[in-house]
Amino acid sequence: MNAALALGIVAVIVIGTVSFALLSLRRFTMSPQEYIVGGRGFGAVFLWVLLAGEIYTSFTFLGAAGWTYTFGAPAFYIMAYGTCGYIFYYFLFPWIWRLGKEHNLLTLPDLIQVRYNSRLLSTIVSIIAVVALIPYITLQLSALNTFLTVAGHGLIDPVIGACVAFVVIIAFVFVTGLRGTAWASIIKDALVIGALIFVGVAIPIQFFGSPATLFDQVLRAHPDHLVLGGLTAPKGTLWYVSTVLLTGLGFFSGPQSIAAIFSAKDENVLRRNAMLLPIYQLIMLLVFFAGFSALLIVPGLKGTAADQSFLAVVSRYYPTWVLGFVTGTGALCALVPSTALLLSSASVVAKNIAGDLFNIGTDERGRLRVTRLMVVVLGLGALVLWLFYRTQLVDLLLLTYNGISQFMPAYLFGAYWKRTTTIGVAAGIVTGITLALILAASSIAPFGLNPGFVGLAANIIVLVGVSLLSQPARGTLPEPAGN
Amino acid sequence: MQQRLRFLLAAIPFAALSVAVPFVNRVEPRVLGLPFLLVWIAFWVIITPACIWTLGRIEKHW
Chain C
21 MNAALALGIV AVIVIGTVSF ALLSLRRFTM SPQEYIVGGR GFGAVFLWVL LAGEIYTSFT
81 FLGAAGWTYT FGAPAFYIMA YGTCGYIFYY FLFPWIWRLG KEHNLLTLPD LIQVRYNSRL
141 LSTIVSIIAV VALIPYITLQ LSALNTFLTV AGHGLIDPVI GACVAFVVII AFVFVTGLRG
201 TAWASIIKDA LVIGALIFVG VAIPIQFFGS PATLFDQVLR AHPDHLVLGG LTAPKGTLWY
261 VSTVLLTGLG FFSGPQSIAA IFSAKDENVL RRNAMLLPIY QLIMLLVFFA GFSALLIVPG
321 LKGTAADQSF LAVVSRYYPT WVLGFVTGTG ALCALVPSTA LLLSSASVVA KNIAGDLFNI
381 GTDERGRLRV TRLMVVVLGL GALVLWLFYR TQLVDLLLLT YNGISQFMPA YLFGAYWKRT
441 TTIGVAAGIV TGITLALILA ASSIAPFGLN PGFVGLAANI IVLVGVSLLS QPARGTLPEP
501 AGN
Chain D
18 MQQRLRFLLA AIPFAALSVA VPFVNRVEPR VLGLPFLLVW IAFWVIITPA CIWTLGRIEK
78 HW
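Chains C and D, in that order, give the protein sequences. When we follow this note's numbering, the leftmost residue of the first sequence carries the number 21, and every step to the right adds one. When we follow this note's numbering, the leftmost residue of the second sequence carries the number 18, and every step to the right adds one.
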């Protein structure tokens, strides 16, 4: 009975959000521009909602709470890196947007193509981007499964539940495109704020009286939990600095982020978002409070159980409808970002691989049709990957976490340094990804540095070195970013 | 002069949240009961929008 109520609430939240977002379809005639980058018409607030919707996934919240529970202070980097990133993006976004507008670009490889004029480089970038994104979509399915398991208590098979929900999402992306994701984000963001105020404010107050007493008790039970380790220790201060720099500079490099930049109405919409998005980072404080509370209330959990520690608190001490509300919100945090990831990877395959390489679907109607077909193909691909190869997922995700941010020097140097060459960028990306993957896969962290950061540093050194030794990019070279 | 101000408005919060953190890695003094490291990071996250807003004013974007 209880499980049925919780699952019913989850279903109402998911179906309600999908139906609400379907309203977005009125008034707009579908074209590739409209479908992939929202017709380049999003204003500041709408884009803010979309970005908050696609950046903060179920794993941002589960992972942040789990890290707080297991490691403590190292989790604080999650609040810092986005903010560092937005300072830097204030300068970079307008340049990316301007190129997109002038050349009518749709995807990340389009941007690389127009700046470096090399079909080989843009194809390499397309393949890396898609191969890195699919496991990330698959990961969201695992999170969805977690939320359904917690809500359902075995009433229905959560695997079947996750499959049904995901097929609904594929159909949803097929129909609506980026505008649908933005509309769904409105509900998702509102529910997230509600759920976090509950787990991050109500729980600490109810169990400990105030955040201050919560931290008193954490200090008593785990004296080292509220500061970082030594300089070169694992998750020490050097690790913190390198991770903030890597993730701050790199987290906006993926195809879904570039599509979101292109969807802005004008440059100032992006500058305003760089200003406003740090405010959203503050909700991470509530996640930290929830993680520390769970550490004291349900101690001793390890691994994925630690990620779900605050769910354990909710399901043990609160009424079923609260559990349904929190898990339903969690399910949206898995589904809404999946729509953006799916749409952007499908558009890369349709535009840059099927279209540019094989001349399939190059007119407006053809491109829309191929993109939608790819939404279904890649979506089902992610589902199959999850159903049959879940255990290998961890290895694939190394590419997601270490690979995508290696694109950033291509934008950064492309914008500010005229001497940047195609071969320099290609050599940099290959070096960076290879080095980061080798270090990450073998768990080597020189001086406690984040392996992705070591890769990024090597990437930049190789990019600059090779660029100085080779001829600048051929063809039309767009103006570097001024002010 | 204005060039330097623009640089500082971006560089100070950026550095405060990244390279400065090893120097503020401590629990005391606690503010409202929260450990100092967390307060430091949260403080700069709150200040950053004000810095970017000022930057946008100087560059006459709004």
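Beta carbons are placed, not taken as given, at the ideal position from N, Cα and C, and that holds for glycine. Being a predicted model, the structure only gives us computed values, none of them experimental.
Alpha-carbon spacing of residue i relative to residue j, whole angstroms
{"i": "G502/C", "j": "T442/C", "result": "Its pLDDT being 47, under 50, G502/C is placed unreliably by the model, and nothing is read from it."}
{"i": "V30/C", "j": "V187/C", "result": "16 angstroms"}
{"i": "G73/C", "j": "R23/D", "result": "30 angstroms"}
{"i": "G14/C", "j": "D286/C", "result": "Residue 14/C lies beyond the stretch modelled for chain C, which goes from 21 to 503, so this question has no answer here."}
{"i": "G348/C", "j": "M99/C", "result": "24 angstroms"}
{"i": "L234/C", "j": "R336/C", "result": "19 angstroms"}
{"i": "S262/C", "j": "Q20/D", "result": "28 angstroms"}
{"i": "P429/C", "j": "I35/C", "result": "41 angstroms"}
{"i": "V474/C", "j": "V342/C", "result": "44 angstroms"}
{"i": "G28/C", "j": "G344/C", "result": "8 angstroms"}
{"i": "W463/C", "j": "T158/C", "result": "The amino acid at residue 463/C is misidentified as Trp; the sequence shows Ser. Going by the C-alpha atoms only, they are around 23 angstroms apart."}
{"i": "G386/C", "j": "V397/C", "result": "16 angstroms"}
{"i": "E54/C", "j": "I317/C", "result": "48 angstroms"}
{"i": "V41/D", "j": "G229/C", "result": "28 angstroms"}
{"i": "P94/C", "j": "L248/C", "result": "6 angstroms"}
{"i": "I56/C", "j": "S367/C", "result": "7 angstroms"}
{"i": "G270/C", "j": "V44/D", "result": "30 angstroms"}
{"i": "T382/C", "j": "R389/C", "result": "10 angstroms"}
{"i": "Q160/C", "j": "I481/C", "result": "34 angstroms"}
{"i": "I207/C", "j": "T37/C", "result": "6 angstroms"}
{"i": "W87/C", "j": "D327/C", "result": "7 angstroms"}
{"i": "S364/C", "j": "T143/C", "result": "15 angstroms"}
{"i": "L352/C", "j": "A222/C", "result": "22 angstroms"}
{"i": "L519/C", "j": "F312/C", "result": "Shown here, chain C extends from 21 to 503; a query on residue 519/C therefore has no answer."}
{"i": "A215/C", "j": "L355/C", "result": "16 angstroms"}
Residue-level contact to chain C via CB, residue i, 9 angstroms cutoff
{"i": "R43/D", "result": "yes"}
{"i": "A25/D", "result": "The question names Ala, yet the displayed sequence has Leu at residue 25/D. False, the Cβ-Cβ gap to chain C never drops below 9 angstroms."}
{"i": "L22/D", "result": "no"}
{"i": "S35/D", "result": "yes"}
Simplified DSSP assignment, three categories, for residue i
{"i": "F272/C", "result": "coil"}
{"i": "L321/C", "result": "coil"}
{"i": "F62/C", "result": "strand"}
{"i": "G256/C", "result": "strand"}
{"i": "A185/C", "result": "helix"}
{"i": "A222/C", "result": "helix"}
{"i": "V44/D", "result": "coil"}
{"i": "G502/C", "result": "Note that G502/C scores 47 on pLDDT, short of 50, meaning its location in the model is unreliable; the coordinates nonetheless yield the value given after this. G502/C falls in the coil class under three-state DSSP."}
{"i": "A284/C", "result": "strand"}
{"i": "L112/C", "result": "helix"}
{"i": "G485/C", "result": "helix"}
{"i": "G197/C", "result": "coil"}
{"i": "G249/C", "result": "strand"}
{"i": "L51/D", "result": "strand"}
{"i": "R439/C", "result": "coil"}
{"i": "A465/C", "result": "coil"}
{"i": "F378/C", "result": "helix"}
{"i": "F235/C", "result": "helix"}
{"i": "E74/C", "result": "helix"}
{"i": "Q328/C", "result": "coil"}
{"i": "W341/C", "result": "helix"}
Chain D contact for residue i (CB, 9 angstroms cutoff)
{"i": "T49/C", "result": "no"}
{"i": "L432/C", "result": "no"}
{"i": "R118/C", "result": "no"}
{"i": "Q301/C", "result": "yes"}
{"i": "C353/C", "result": "no"}
{"i": "F40/C", "result": "no"}
{"i": "M428/C", "result": "no"}
{"i": "F111/C", "result": "yes"}
{"i": "F308/C", "result": "yes"}
{"i": "M394/C", "result": "no"}
{"i": "A435/C", "result": "no"}
Residue i beta carbon near the ligand SAM (any heavy atom closer than 8 angstroms)
{"i": "N422/C", "result": "Annotation note on the ligand SAM: not contained in the displayed structure, which lists no ligands."}
If we count Cβ pairs, one from each stretch, closer than 8 angstroms, do we get three or more for the region 48-57 of chain C versus the region 181-197 of chain C?
yes
May I ask you to list, following chain order, the residues of the region 236-264 of chain C that have a beta carbon less than 8 angstroms from some beta carbon of chain B?
Of the chains in the structure shown, none is chain B; the protein chains are C and D.
Any C-beta of chain C within less than 8 angstroms: which residues of the region 40-73 of chain D qualify?
N42, R43, V44, R47, L49, G50, L51, P52, L54, L55, I58, A59, W61, V62, I63, T65, P66, C68, I69, W70, L72 and G73
For the region 279-296 of chain C against the region 118-132 of chain C, do three or more pairs of beta-carbon atoms, one drawn from each stretch, fall closer than 8 angstroms, so that the two count as touching?
yes
Mind checking the region 272-289 of chain C against chain D and listing, in chain order, the residues whose C-beta falls within less than 7 angstroms of any C-beta there?
N288
Any 3 or more C-beta pairs closer than 8 angstroms across the region 295-312 of chain C and the region 139-154 of chain C:
no
At a CB distance below 9 angstroms, what residues from the region 82-108 of chain C approach chain D? Give them in sequence order.
A93, F96, Y97, M99, A100, Y101, G102, T103, C104, Y106, I107 and F108
The region 454-463 of chain C / the region 411-429 of chain C touching (three or more Cβ pairs under 8 angstroms)
yes
Validate contact between the region 318-335 of chain C and the region 137-150 of chain C using beta carbons, cut 8 angstroms, 3 pairs:
no
Near-chain D residues of the region 221-233 of chain C (beta-carbon distance less than 9 angstroms), N- to C-terminal order:
S230, P231, A232 and T233
Take every Cβ of the region 98-115 of chain C, pair it with every Cβ of the region 24-32 of chain D, and state whether three or more of those distances are shorter than 8 angstroms.
yes
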